[in-house]
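Student:
2 protein chains.
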Amino acid sequence: MGKSNRELVDECDKFPYYQDSPAFYAAHLKKHHVFKVNGCDAVLGYILNSVMVKFQWPAEHWAVDSTNQTVTLITAADATPEQRSKVIAETLEAEAKRGDLEILKGWRNELYPVYAPGGEFLLEMERCAGPLFGIVSYGVHATCYVEDEQGLQFWVPRRSRTKQTYPGMLDNSVAGGMSTTERPFECLVREASEEASLPEGVVKATAKSVGCVSYFYVRDSRAGGETDLLQPEVEYVYDIKLGRDIVPKPGDNEVEEFKLYTVEETKQALANGEFKPNCAVVFIDFFIRHGILTPENEPDYYEIVTRMHRRFEFPTASHFAS
Amino acid sequence: MGKSNRELVDECDKFPYYQDSPAFYAAHLKKHHVFKVNGCDAVLGYILNSVMVKFQWPAEHWAVDSTNQTVTLITAADATPEQRSKVIAETLEAEAKRGDLEILKGWRNELYPVYAPGGEFLLEMERCAGPLFGIVSYGVHATCYVEDEQGLQFWVPRRSRTKQTYPGMLDNSVAGGMSTTERPFECLVREASEEASLPEGVVKATAKSVGCVSYFYVRDSRAGGETDLLQPEVEYVYDIKLGRDIVPKPGDNEVEEFKLYTVEETKQALANGEFKPNCAVVFIDFFIRHGILTPENEPDYYEIVTRMHRRFEFPTASHFAS
Numbered sequence: 001m002g003k004s005n006r007e008l009v010d011e012c013d014k015f016p017y018y019q020d021s022p023a024f025y026a027a028h029l030k031k032h033h034v035f036k037v038n039g040c041d042a043v044l045g046y047i048l049n050s051v052m053v054k055f056q057w058p059a060e061h062w063a064v065d066s067t068n069q070t071v072t073l074i075t076a077a078d079a080t081p082e083q084r085s086k087v088i089a090e091t092l093e094a095e096a097k098r099g100d101l102e103i104l105k106g107w108r109n110e111l112y113p114v115y116a117p118g119g120e121f122l123l124e125m126e127r128c129a130g131p132l133f134g135i136v137s138y139g140v141h142a143t144c145y146v147e148d149e150q151g152l153q154f155w156v157p158r159r160s161r162t163k164q165t166y167p168g169m170l171d172n173s174v175a176g177g178m179s180t181t182e183r184p185f186e187c188l189v190r191e192a193s194e195e196a197s198l199p200e201g202v203v204k205a206t207a208k209s210v211g212c213v214s215y216f217y218v219r220d221s222r223a224g225g226e227t228d229l230l231q232p233e234v235e236y237v238y239d240i241k242l243g244r245d246i247v248p249k250p251g252d253n254e255v256e257e258f259k260l261y262t263v264e265e266t267k268q269a270l271a272n273g274e275f276k277p278n279c280a281v282v283f284i285d286f287f288i289r290h291g292i293l294t295p296e297n298e299p300d301y302y303e304i305v306t307r308m309h310r311r312f313e314f315p316t317a318s319h320f321a322s
Numbered sequence: 001m002g003k004s005n006r007e008l009v010d011e012c013d014k015f016p017y018y019q020d021s022p023a024f025y026a027a028h029l030k031k032h033h034v035f036k037v038n039g040c041d042a043v044l045g046y047i048l049n050s051v052m053v054k055f056q057w058p059a060e061h062w063a064v065d066s067t068n069q070t071v072t073l074i075t076a077a078d079a080t081p082e083q084r085s086k087v088i089a090e091t092l093e094a095e096a097k098r099g100d101l102e103i104l105k106g107w108r109n110e111l112y113p114v115y116a117p118g119g120e121f122l123l124e125m126e127r128c129a130g131p132l133f134g135i136v137s138y139g140v141h142a143t144c145y146v147e148d149e150q151g152l153q154f155w156v157p158r159r160s161r162t163k164q165t166y167p168g169m170l171d172n173s174v175a176g177g178m179s180t181t182e183r184p185f186e187c188l189v190r191e192a193s194e195e196a197s198l199p200e201g202v203v204k205a206t207a208k209s210v211g212c213v214s215y216f217y218v219r220d221s222r223a224g225g226e227t228d229l230l231q232p233e234v235e236y237v238y239d240i241k242l243g244r245d246i247v248p249k250p251g252d253n254e255v256e257e258f259k260l261y262t263v264e265e266t267k268q269a270l271a272n273g274e275f276k277p278n279c280a281v282v283f284i285d286f287f288i289r290h291g292i293l294t295p296e297n298e299p300d301y302y303e304i305v306t307r308m309h310r311r312f313e314f315p316t317a318s319h320f321a322s
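Here the protein sequences line up with chains A and B, keeping their order. The first sequence: position 167 = 167 (UniProt numbering), numbered continuously. The second sequence: position 38 = 38 (UniProt numbering), numbered continuously.
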């Protein structure tokens, strides 16, 4: 039988919904502290209680309220993003040095942004620490495909077996995280070059922006580091239709090889659980947008569509180029 | 300036979200009774308190609990859908006869289904009564377009100025509600013939299933009948690419005329508020899937995408053809 598409979405969008059971949701939230920043009313992420107690929270920078289960960065209300980011960097570097948190051993030297309501940039923090705070992260995923008289086929890469996260699993043709200064299409061009050796000109001529998927991921052992860490994500999605003459090739050592998969082979690999969870979701989104999954052949159509477009309880980014 | 895309989505997806303000949400819910059916745990819809008090609820069929603000159909727990539907039909016919509820004057003789969790068919009720109970309704919307060297253009119909709901407003090329026995594609074929005079063969050869939009609409005066009635909707979405030789024509008296709109003309008509609210959302969805709206040119990209794929607190249909 294998996994249904709904089970694949369940694996990716794992955090409970208030509406499914207010009582269960409330009980589940109790396992977390909320992450806030002085001067901003919004909850920016959730910190697992088990992470909370492992962390040292220097009292000059952090207010920990155990009653309300809140951890607040207490920089001045009118602090600049640089000032907030500096304090967080110091805290995280000290934690990494102490070595109690497994996930911080995957330090990337990449900064991920956090936004206030209205898309105002609040601060940035080291990428690998994002799941400790449960902040929303952003990325791009693209599906490279060929479609001609031989049918529809997808360029599917296999992740390197030595990669820290999800080693050996199948991936989307191009995928990567967006750091603070990047915009989605810019990130796509960079990742397409790094991961699939696609020239900028090809990407600009062929890539089509087709939406975004969002889901509230809860990390399991395949992700590396502590389990149950929270990772709400927004992934901007692109379709890249290529001629048979353009063949993606690994551009760094993160990908082992690219292979052409038919629709049936892709469905089988999905059902086998061979894809990294969020990459499975991007394929399901492709199948829905391209009429491969329909309300008549997919029993959980509505549930799948809505679950992969989750609206978070946290403020999110705007990448509008004004 | 005109309306932004976000404002257009706001007009269609109007019911508050728990996550935006639990207190406001709770206070807002208090204006409603929940609609339940004996034998099923789920909340099936919301009934406005102002509607509640206008209704006569025959005590042999309905239990009204003012404390818990619940209206329950008390047919046997193992009643058949036919038995439940018959009781509701009697109640609704009596109400229509009494004439206190404006919306029941638009009696359609069309039956809309209500489902239990897992997609089990529970009952059906007269279409025009759906918003009184706030049940989820289902429909199909299709965008007919031409795309060639002259560019991308859409076939946009104007609703008849004598139509009861949204007279004179712009619409999607094909749109209609799904009654109990219909499946989405079947409904599309029927509506495409009735509303746009498109032959079944053309629809089957050209229509592509591309997802669904869902939103929690709250009726205003343009919808006719009482205002503030609730209308959570799932609309299955199709793209229909036509050659210049195929021209949609009004097939009944619901549509005044079809005209070709360029992307710019469509955007302008959207900003002018000329489209029926849910048809605006279907166009925004088209623009997102076709790379016309992107994260870089639409400031509220994520908010729009997630709001037009709302996951309801009510059970929904499955149209899986097993």
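Heads up, the beta-carbon is just placed ideally off N, CA and C, and yes, glycines get one too. Model, not experiment: these values are computed from the prediction.
1. On a CA-only basis, which of B:L44, B:E303 and B:H32 is nearest L123 (chain B)? Give me that one, please.
2. Any residues in the UniProt domain "Nudix hydrolase" (137 to 283) of chain B with a beta carbon nearer than 7 Å to a beta carbon of chain A? Which ones, in chain order?
3. Return the first residue and the last residue of the beta strand (DSSP E) that F185 (chain B) is part of.
4. Tell me the rounded alpha-carbon separation between E303 (chain A) and V9 (chain A).
5. Applying a beta-carbon distance threshold of less than 8 Å, which residues of chain B neighbour Y115 (chain A)?
6. At a cut of 8 Å, does the region 141 to 149 of chain A reach the region 280 to 292 of chain A through at least three beta carbon pairs?
7. Mind pulling the chain A residues with CB within less than 8 Å of G291 (chain B)?
8. Return the chain-ordered ranges of every beta strand (DSSP E) run that is complete within the UniProt domain "Nudix hydrolase" (137 to 283) of chain B and spans a minimum of 3 residues.
9. Of the residues that make up the region 7 to 33 of chain A, which ones have a beta carbon closer than 8 Å to any beta carbon in chain B?
10. Check whether the Cβ of residue 380 (chain B) lies closer than 7 Å to any Cβ atom in chain A.
11. For E182 (chain B), which residues from the same chain have a beta carbon less than 8 Å from its beta carbon, with the 5 sequence-adjacent residues on both sides left out?
12. Buried or exposed: which applies to M125 (chain B), given that a residue is buried once 16 or more other Cβ atoms fall within 10 Å of its Cβ?
13. Taking 8 Å as the cut-off, does the region 307 to 320 of chain A touch the region 202 to 219 of chain A (at least 3 CB pairs, one atom from each stretch)?
14. With a cut-off of 8 Å on the beta carbons, I'd call Y217 (chain A) and C12 (chain A) a contact; round off their distance for me.
15. Would you kindly report the start and end of the unbroken alpha helix (DSSP H) that includes I292 (chain B)?
16. On the DSSP bridge list, what partners appear for T70 (chain B)?
17. Go through its chain and collect everything with a Cβ distance to S197 (chain B)'s Cβ below 8 Å, but skip five positions before and after it.
18. Please decide whether D321 (chain B) counts as near chain A, where near means a Cβ-Cβ distance under 7 Å.
19. Sort A:M169, A:F314 and A:F121 by Cα distance to V85 (chain A) and report the nearest one.
20. Of all the options A:A42, A:K163, A:K36 and A:Y112, which has the alpha carbon lying nearest to the alpha carbon of D20 (chain B)?
21. Could you tell me whether any Cβ in chain B is nearer than 7 Å to the Cβ of S4 (chain A)?
22. Does I135 (chain A) get closer than 7 Å to chain B when you measure Cβ to Cβ?
23. To the nearest angstrom, how far is the alpha carbon of G291 (chain B) from that of S209 (chain A)?
24. Taking V305 (chain A) as part of the alpha helix (DSSP H), name the residues at either end of that continuous run.
25. List the whole-angstrom C-beta distance separating L101 (chain A) from K54 (chain A), where the pair is believed to meet the contact cut-off of C-beta under 8 Å.
26. Within 7 Å of any Cβ in chain A, is that where the Cβ of R311 (chain B) sits?
27. What number of angstroms, rounded off, separates the C-alpha of R289 (chain B) from the C-alpha of H33 (chain B)?
28. Compare the Cα-Cα distances from T206 (chain A) to each of A:E257, A:G243 and A:G119 and report the closest residue.
29. Which word fits Q231 (chain B), buried or exposed, when buried means at least 16 other C-beta atoms lie within 10 angstroms of its C-beta?
30. Where do the N-terminal and C-terminal ends of the beta strand (DSSP E) with E102 (chain B) fall, by residue?
31. When DSSP builds the beta bridges, which residues end up paired with V114 (chain A)?
32. Counting only beta-carbon atoms, is T70 (chain B) nearer than 7 Å to chain A?
33. To the nearest angstrom, how far is the alpha carbon of S221 (chain A) from that of I103 (chain A)?
34. From this set, A:P167, A:E7 and A:F35, which residue's C-alpha is nearest F314 (chain A)'s C-alpha?
35. Between the C-alpha atoms of L48 (chain A) and D228 (chain A), what's the straight-line distance to the nearest angstrom?
36. Would you say E120 (chain A) faces chain B, with C-beta separation under 7 Å as the test?
Tutor: Once the coordinates are examined:
1. Within the second sequence, residue 123 (chain B) is the residue found at index 123, counting from 1. Nearest of B:L44, B:E303 and B:H32 to L123 (chain B), Cα basis: B:L44.
2. R183, P184, F185, K208, S209, V210, G211, C212, S214, V234 and Y236
3. Reading the second sequence from its first residue, position 185 is the one you call residue 185 (chain B). Looking at the DSSP string, F185 (chain B) is not in any beta strand (DSSP E); the run it does join, the alpha helix (DSSP H), is P184 to A196.
4. Looking up residue 303 (chain A) in the first sequence gives position 303. Looking up residue 9 (chain A) in the first sequence gives position 9. Going from the Cα of E303 (chain A) to the Cα of V9 (chain A) covers about 9 Å.
5. The residue given as residue 115 (chain A) occupies position 115 in the first sequence. Chain B residues near Y115 (chain A): none, gap ~11 Å exceeds 8 Å.
6. yes
7. Position 291 of the second sequence holds residue 291 (chain B). Simply K208, S209 and V210.
8. 137 to 148, 151 to 159, 174 to 177, 207 to 218, 230 to 241 and 255 to 262
9. Y17, Y18 and Q19
10. Since the first and last residues shown for chain B are 1 and 322, residue 380 (chain B) lies out of range.
11. Against the second sequence, residue 182 (chain B) aligns to sequence position 182. R190.
12. Walking along the second sequence from the start, residue 125 (chain B) turns up at place 125. Buried is the call here.
13. yes
14. If you number the first sequence from 1, residue 217 (chain A) lands on position 217. If you number the first sequence from 1, residue 12 (chain A) lands on position 12. Contact flag correct, Cβ pair sits at about 6 Å.
15. The sequence position of residue 292 (chain B) within the second sequence is 292, counting from 1. Counting along the chain, I292 (chain B) falls outside any alpha helix (DSSP H), and DSSP gives it neither H nor E.
16. Along the second sequence, read from residue 1 onward, the residue named residue 70 (chain B) stands at position 70. T70 (chain B) pairs with B:V34 and B:D65.
17. On the second sequence, position 197 is the one that residue 197 (chain B) refers to. Answer for S197 (chain B): P248, K249, P250 and G251, listed in chain order.
18. The count along the second sequence starts at 1 and reaches residue 321 (chain B) at position 321. A small fix is needed here, since residue 321 (chain B) is Ala in this sequence, not Asp. Yes, A321 (chain B) counts as interfacial toward chain A.
19. For the purposes of this step, residue 85 (chain A) is taken as the residue at position 85 of the first sequence. Strictly speaking, residue 85 (chain A) in this sequence is Ser, with Val absent from that position. Nearest of A:M169, A:F314 and A:F121 to S85 (chain A), Cα basis: A:F121.
20. What you label residue 20 (chain B) is simply residue 20 of the second sequence in a count that begins at 1. It is A:A42 whose Cα lies nearest to the Cα of D20 (chain B).
21. Here residue 4 (chain A) is taken as the residue at index 4 of the first sequence, counted from 1. No, because no Cβ of chain B sits closer than 7 Å to the Cβ of S4 (chain A).
22. Position 135 of the first sequence, counted from the first residue, corresponds to residue 135 (chain A). Output row for I135 (chain A): interface = no.
23. In the second sequence, counting from the first residue as 1, residue 291 (chain B) sits at position 291. In the first sequence, counting from the first residue as 1, residue 209 (chain A) sits at position 209. The alpha-carbon atoms of G291 (chain B) and S209 (chain A) are separated by roughly 5 Å.
24. Here residue 305 (chain A) refers to the residue found at position 305 of the first sequence. Run containing V305 (chain A): Y301 to R307, per the alpha helix (DSSP H) assignment.
25. As a first step, residue 101 (chain A) must be located in the first sequence, where it is residue number 101. As a first step, residue 54 (chain A) must be located in the first sequence, where it is residue number 54. At roughly 6 Å, the Cβ-Cβ gap stays under 8 Å, so L101 (chain A) and K54 (chain A) are in contact.
26. The count along the second sequence starts at 1 and reaches residue 311 (chain B) at position 311. Yes, R311 (chain B) counts as interfacial toward chain A.
27. Along the second sequence, read from residue 1 onward, the residue named residue 289 (chain B) stands at position 289. Along the second sequence, read from residue 1 onward, the residue named residue 33 (chain B) stands at position 33. Roughly 38 Å separates the two Cα atoms.
28. Your numbering for residue 206 (chain A) matches position 206 in the first sequence. Nearest option by C-alpha distance: A:G243.
29. Within the second sequence, the letter at position 231 stands for residue 231 (chain B). Q231 (chain B) should be labelled buried.
30. On the second sequence, residue 102 (chain B) is found 102 positions in, with the first residue counted as 1. Unbroken run through E102 (chain B): none, as it is neither H nor E.
31. Within the first sequence, the letter at position 114 stands for residue 114 (chain A). Partner(s): A:L123.
32. Counting from one through the second sequence, the residue named residue 70 (chain B) turns up at place 70. It does not: the Cβ of T70 (chain B) has no partner Cβ on chain A nearer than 7 Å.
33. Numbered from its first residue, the first sequence carries residue 221 (chain A) at position 221. Numbered from its first residue, the first sequence carries residue 103 (chain A) at position 103. Each residue's Cα considered, the two are about 11 Å apart.
34. As a first step, residue 314 (chain A) is located in the first sequence; it is residue number 314 there, counting from the start. Measuring from the Cα of F314 (chain A), the nearest candidate turns out to be A:F35.
35. Position 48 of the first sequence, counted from the start, is the residue given in the question as residue 48 (chain A). Position 228 of the first sequence, counted from the start, is the residue given in the question as residue 228 (chain A). Straight-line Cα distance between these residues: approximately 8 Å.
36. Residue 120 (chain A) sits at position 120 when you count from the first residue of the first sequence. No - not a single Cβ of chain B is within 7 Å of the one on E120 (chain A).
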